[in-house]
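Each remark here refers to the structure printed beneath this line.
Number of protein chains: 2
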Amino acid sequence: MKRPTIHDVAAAAGVSRGTVSRVLNGDRYVSTSARLAIERAIAETGYVVNRNARSLVTQRAGSVVIVLSEPHEKIFEDPNYSTTIRTSIRRLAERDMSLVMMIAGDAGDRDRVLRYVKGGHADGVLLLSTHAGDPLVDALDGMRIPAVSCGAVIGRENVIPYAACDERGGAQQMTRYLVEQGRKKIAMITGPMDTPGGIQRLEGFADVLGRKASKKLIEHGDWTRLSGESAMARLLERSPDLDAVFAASDVMASGALSTLRAAGRRVPEDVALGGFDDSAVAMSTHPALTTIRQPLAEIAEETVRILLDLIDGAEHVPSVTIPTMLIVRDSA
Amino acid sequence: MKRPTIHDVAAAAGVSRGTVSRVLNGDRYVSTSARLAIERAIAETGYVVNRNARSLVTQRAGSVVIVLSEPHEKIFEDPNYSTTIRTSIRRLAERDMSLVMMIAGDAGDRDRVLRYVKGGHADGVLLLSTHAGDPLVDALDGMRIPAVSCGAVIGRENVIPYAACDERGGAQQMTRYLVEQGRKKIAMITGPMDTPGGIQRLEGFADVLGRKASKKLIEHGDWTRLSGESAMARLLERSPDLDAVFAASDVMASGALSTLRAAGRRVPEDVALGGFDDSAVAMSTHPALTTIRQPLAEIAEETVRILLDLIDGAEHVPSVTIPTMLIVRDSA
DNA sequence: TTCCACTCTGTGAACGTTCACAGATACCCA
DNA sequence: TGGGTATCTGTGAACGTTCACAGAGTGGAA
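Heads up: the sequence lines are chains A and B, in that order. Residue numbers for the first sequence follow the UniProt record's numbering, beginning at 1 and rising by one. Residue numbers for the second sequence follow the UniProt record's numbering, beginning at 1 and rising by one.
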C-alpha cells in the first residue's frame, strides 16, 4: 500500500540505506554484487526516489521554472513559445529535471514567481518574452539564481544572457530584398518598442533605407493580427502610393493583407508584403507570405543550454545570436 | 546568507515552531498577538516556506502535472492547449499550487511520467489530447491518482472524467447549416479516428445527412493543414461536383481552401466551406471561415475544476459537455 | 611481517516542515 | 467552589533522503 522507501530497497537487497543511495546517485565504490542486488530490489519493489526528501538535503530542486511575462490574454500567441517549451521539457527530462510553468502578467504573479524561486524550488529560471523594464529581472538578478532569456531583455542584455535570432540582420535581409525588387516606397509595421523584435527589426529596416525611412512610413503594432490591420489602414491613409510593406511578424502581415485587400490593392502586384518569423500563418494566407525564418529550434536549444551551463556552475555564459533566412513565397 | 527557516521566524517572533506553523496553515487557536508578531517576523526575515519539507510530511505535492500526449512535433499546434494551460496555471496558483509540464510522446516519456507520479510528486494529472488506447491511461488509473482529461479519452470515458465541447452537436449544427444553404453534395474531412473530435464530428455529420453521407464523400485528415490540402484533393478527384465541404478543424479547412483555389473553385460560390474550432486561423483566411466555436475557456475551467474536486477528495466527478456555437462568416 | 592505500559498507545527523499530544490558562455554568 | 470546555502554546517524533565519517577487508610494497 505505502510507497516503498530506500529502507525497503535496502532490506530487500540485504544492504544498508547508504549503499542504496550510492547506487542511486552513481557513486564510485560500490561492489558489483551489491549493485546488482540493489537494482533487482528496486525493480521488484517498484521503488521511486522521493525528490522532496532528496531536495531537502541537497538543496537542489531538480526543476526549472519557465516564466511567461505576457499579460494573460496574449500568452502563446507567439509560436516561438511552443518550440522553446518543448525543447526545454525534453532537455531537462534528459537530466531527470522537470519544467514548471508560471505566468508573470501582473504584480501578484511576479510576487508568486519570486516566492517560488526564493523558496528554493527552482534551480534556474527561463524568461520568455520579457519586456523592457520588467521588475522581475532585477529581482531575479539580486537573488543570484541562474537565469536566461529566450530573446534579449532590452536594457538588461548584460544581466540576463539570452539566445535570439539576428533580429536586425533579418530585417535588413527583408528590406534589401524589397529594394532589389524595385520597390520605391517601402513602409514598415513594427512590433512593440519595448521588445527586441520591435526595436531591432526597425533598426534593420532603417539601416538599409537610410534617409528614405521616413517617420511617415512607420507604424507600430503589438504583434496581433488586429494591430496589423489597423496599422496598415493608417499607412494607406497617410501614404496611398506606398508599394511595399514590411510587417515585423507574420501575424501582423496577415492582418495587413486583409486591409490591403479591402482597399482594393493587389498583393504583390500593387503592394509587396513581407513578414517575419515564418510561422504557420505564413503558409495559410493567400498569397503565401514571403518572410524571414527564425531558427526557432536552434534558438530554443541554445537557450536551454545556456541555462543548464549556468546551473552547472559556469560563471558567465555568453549570449548567442543565430542568423535568419529569407523565405521567398508569393507576397513579395 | 542562508534562507530563513521556520525556526528563525519563531525566534524573531518569540514563539515556538508549532505556532508559526499554525499561522502558516491558517489553523484555528492562534492568539491575535501571536499572529501579528509572526506575520511581522515573516515579513522582516523574508521567510518563505520550504515546500519540500512540507511535502515530505504532508505527502501532498502541491503541484499538478499536465501531460501532452502528442508526438513531439505536433505539440501546441492546437490552440486548445494554450487556453487549458493558461487556465490551469491561474487556478492552481490561487491555491499556491504549481503546474509541471511533461510530454508523453513515446514509451520512454510515458515511463518518466509514471515515475514522476509514482514518486508522489504530483497531486493530480491533467491529460491533453490523449488518443484511444494510450497505455498511460490505464497505468494512471491503476495508481488511483486524481486524473482528468481535456476532451474525452475514447474508450475510457468512464475511467477518466473530462470536460469537452459537444463535438457531435457542433458537427450537426454545421452540417444542418450547409443543408439549409441549399447545398446538395456535402463532403467531410474528418480528424484522426482515435480522437473524440475525429469520431464524434463525423457522427454529427452522419446524423444530419443520414444515407446521403456516402463513404465517397468522406476523407480523413490528421488535423494538420497539409492533411487538409491532400484530403481536399482526393475529394475533388473522386467527386468533382461536390458543392460543400465540412472540415473538422479550421486548420484543415485552411488547407482545403488552398486546394480549392488551386483547382479553380470559388469559395463560397462554387463550394461552401465550413470549419470547426473558431481558432485564430479562421479569421486570417480569405474568405474568413464559417466555423463552429468551441467554448475553450469554459472547457478549460471545467477541466481544472474537475481535477481540483478530485484532489479535494470527491469520489466521483461527472464529466461535462458544453454546447458549441455556429459562427457564420464568408466561406459558407 | 608491517604498513599504507584503496575499496567497500554501515551509521548517525541533518535538511525544514507538520502533526499529535500534552500542558496551561481562561471562562462559563451548575 | 468545582469541573468541564474552549482556547492557546510548546515539544518530540516523523517524513525519506544525502552526506560525512568511521570501520572493515584486501592487496601490494617495503
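Here a beta-carbon is modelled for each residue, glycine too, at the ideal position from N, C-alpha and C. Remember, it's a predicted structure, so these values are computed and weren't measured experimentally.
Check	Outcome
At the 7 Å Cβ level, is A:A332 part of the contact set with chain B, yes or no?	no
Whole angstroms are fine: how far does the CA of A:A231 sit from the CA of A:R238?	11 Å
Is B:Y116 helix, strand or coil by DSSP?	helix
Taking 8 Å as the threshold, find out whether the segment 206 to 216 of chain A comes into contact with the segment 317 to 327 of chain A through three or more Cβ pairs.	no
For B:V23, is the beta carbon positioned less than 6 Å from some heavy atom of the ligand PLP?	The model on display carries no ligand, and the ligand PLP is accordingly not part of it.
Round the Cβ separation of B:G221 and B:M252 to the nearest angstrom and send it over; I've been treating them as touching at under 8 Å.	5 Å
With DSSP as the reference, label B:H220 as helix, strand or coil.	strand
Who are the neighbours of B:S230 on chain A, taking C-beta pairs under 7 Å?	Correct list: empty, because the minimum Cβ distance to chain A is about 14 Å.
Taking the continuous alpha helix (DSSP H) assigned at B:V64, which residues delimit it?	No alpha helix (DSSP H) contains B:V64, which is instead part of the beta strand (DSSP E) from 63 to 68.
Contact criterion: CB-CB distance below 7 Å. Does B:N52 meet it with respect to chain A?	yes
With DSSP as the reference, label B:L289 as helix, strand or coil.	coil
Does any residue of chain B bring its CB to less than 7 Å from the CB of A:I89?	yes
Tell me B:T83's beta-bridge partners as DSSP assigns them.	For B:T83, which the question treats as bridged, DSSP gives no partner whatsoever.
With A:A244 and A:A256 assumed to form a contact (beta carbons below 8 Å), what rounded beta-carbon distance in angstroms separates them?	With 8 Å as the limit, A:A244 and A:A256 do not qualify as a contact, their Cβ atoms being about 11 Å apart.
Compute the distance between the beta-carbons of B:R156 and B:V125, then report whether it is under 7 Å.	no
Could you check whether the segment 33 to 50 of chain B touches the segment 99 to 111 of chain A, counting it as contact only if at least three pairs of C-beta atoms, one from each stretch, sit closer than 8 Å?	no
Taking Cβ positions only, does B:G119 come closer than 7 Å to chain A?	yes
For B:R168, decide whether its Cβ has a neighbour in chain A, counting only Cβ atoms nearer than 7 Å.	no
Does A:R110 have its Cβ less than 7 Å from a Cβ in chain B?	no
What would DSSP say about B:L242, mapped onto helix, strand or coil?	coil
For B:R86 and A:E298, what's the separation of their Cα atoms in angstroms?	25 Å
Going by beta carbon distance, what residues of the same chain come within less than 8 Å of A:V15, once the five residues before and after it are set aside?	A34, A37, I38
How many angstroms separate the CA atom of B:L24 from the CA atom of B:V49?	8 Å
Counting only C-beta atoms, is A:I42 closer than 7 Å to chain B at any point?	no
For A:V20, which of A:I42, A:A187, A:T224 has the nearest alpha-carbon?	A:I42
May I ask you to list, following chain order, the residues of the segment 280 to 301 of chain A that have a beta carbon less than 9 Å from some beta carbon of chain B?	A280, V281, M283, S284, T285, H286, A288
Just the C-alpha distance for B:N52 and A:D96, rounded to the nearest angstrom, thanks.	17 Å
So that I know if they touch, is there some Cβ in chain A lying closer than 7 Å to that of B:R234?	no
Whole angstroms are fine: how far does the CA of B:M102 sit from the CA of A:G99?	The sequence shown places Leu at residue 99 of chain A, rather than the Gly named in the question. Cα to Cα, A:L99 sits roughly 8 Å from B:M102.
What did DSSP end up calling A:T321 once you bin it into helix, strand or coil?	strand
So A:Y162 and A:S319 are supposed to be a Cβ contact under 8 Å. How far apart are they, rounded?	5 Å
List the DSSP bridge partners of B:L99.	A:M101, B:V64
Going by Cα to Cα distance, which pick from B:P146, B:S284, B:E269, B:D134 is closest to B:V317?	B:P146
Quick one: residues in its chain with C-beta nearer than 8 Å to the C-beta of B:L235, no 5 flanking neighbours on either side, listed in chain order?	A187, I189, L217, E219, L242, V245
Please tell me whether A:V317 has its Cβ less than 7 Å away from any Cβ of chain B.	no
Just to confirm, is the Cβ distance from B:D123 to B:I311 under 7 Å?	yes
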